[in-house]
Structure formats: structure tokens, C-alpha cells
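Residue numbers for the sequence shown, in the numbering used here: 1 to 207.
Glycine included, C-beta positions come from ideal geometry on N, C-alpha and C.
Here the structure is a predicted model, which is why all the values come from computation and not from measurement.
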Amino acid sequence: MDIITEAAVAPFQYGFMVRALFVSILVGIMCPVLGAYVVVRGLGFMSDGLAHSLLPGLVVAALLVAVISSEWIILVPNAIAFALLIGFLSKRTGLSEDTSIGILFAGLFALGLTLLTAARGLKVSLESVLLGQVLGVSQDDVLVTAALAVVVVVLLFALHKEMVFATFDPLGASVMGLPPRVLDYVLLVLLAVVILIALQAVGIVLV
């Protein structure tokens, strides 16, 4: 084995490096798969909005760390609720998704700061939110990430034609018997889950 190959392989003798590589590969698969939908739907602002909206969930998860088995129990429902609220606001008020994201992330970020101030002595790492903690992922994180990745890819593969149709021609999709509103909610939830996973790995800067 030459020096270059040995230097490339050596880090993966450690479990944390293998876990980091595996999670990074999963994120590298999911983000591009959803990227086309994000561009077409104009949802590029959602990663910033979700990162801010997760602050209340991070605070609650930190407070309940001794009770809950994993922070995913708090963060995944938080992300899904954020996505559903975006869809609800945009459908009921006529606002665009980006406008709904702006309203929600400002309100939830303020709520998170209020909770953080009230919970004295509790610290949430800003660096972890910005840059992620890919080298700190646990075995449970890997399993959850893999399970969510499978769900996301399978759903997108199964609903690809319907989602494309509903995105470009919602009225035509309705006439053909498709539920554009349900498909919109599914896309928003999948996007929220992928962003949540990516935030853990690479942080908000690279999502």
C-alpha cells in the first residue's frame, strides 16, 4: 500500500469517521434529489427558515435530555410542523411559501430566544447550527438518518410524476384527479426532513 492510499484509508479505522462518511453520503444523495423541486417551487429560503425555527425544539430537547432517548423525538416533529404550517399559511392566506417561511421563522426564532433566556444556564452551540456536527454523529443518528433517507427517496421515486405535474399545472392535476394540495404538503414535509438531516451533518452554511 503506497503512502497516499494509506493516508486516505487511515482515518476510517475510527468508528466516528465511518459514521461521518456514511451520513455525508446520505445527505449528498438526498439534497440533490430534492434540489430540482426546491428551485422550481422557489423554496431556497426554507433552509434558513427551518434552521431558525428549530431553535425552540433545540431548547426543549436540551431541557429534556435526561428524559428523552434522542433529540430526534423533538426535532423531527418540530420540522414537520414547520412544513405543514408553511403549507397552511400559503394555501389559506394566498401568501407565497417564501413569505410564509419568513413569518414563521421570525416568530419561532423569537420564541426560541425567549425559551433560551428563560432556561438560564442552558447553552445551544451556534457553531453546531452553522457548521454541523458530522464528526459527532452517534450510531442512533446514523440509523435515523438512513431510515429517513430511504423514506424520502422511495416517496420521491413513487410520486415523481404526480409532483412534477402538480408543480407545473395544479389545475390540470386537479382535473386529472390528483390532489395538488396533498402533494404540496408531502413535498414540504420531505424537504423539512432533509434539511433537518443536512443541518446536523453540514450546518446551515452548506445546506
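Check                                                                                        : Outcome
Residue from Ser47, Glu162, Ile74, Val40 with nearest C-alpha to Val175                      : Glu162
Nearest-angstrom Cα separation, counted from Val137 out to Val68                             : Here residue 68 turns out to be Ile, not Val, going by the sequence shown. About 17 Å.
Coil, strand or helix - Phe45 by DSSP                                                        : coil
Check whether Ile74 and Val65 have beta carbons under 7 Å apart                              : no
Cβ contact check for the region 178-190 and the region 82-93: 3 or more pairs under 8 Å      : yes
Selection from Gly87, Leu191, Ala20, Thr5 that minimises the alpha carbon distance to Val152 : Leu191
Exposure of Gln200, with buried meaning 16 or more beta-carbon neighbours within 10 Å        : buried
Phe109 versus Pro170 - alpha carbon distance                                                 : 32 Å
Where Glu6 falls, given that 16 or more other Cβ within 10 Å makes a residue buried          : exposed
Contact under 7 Å by Cβ, Leu218 with Ala149                                                  : Because the chain in this structure spans residues 1 to 207, residue 218 falls outside the shown range and cannot be described.
Beta carbon of Val23 nearer than 7 Å to that of Leu156                                       : no
CB of Ala158 within 7 Å of CB of Phe165, strictly                                            : no
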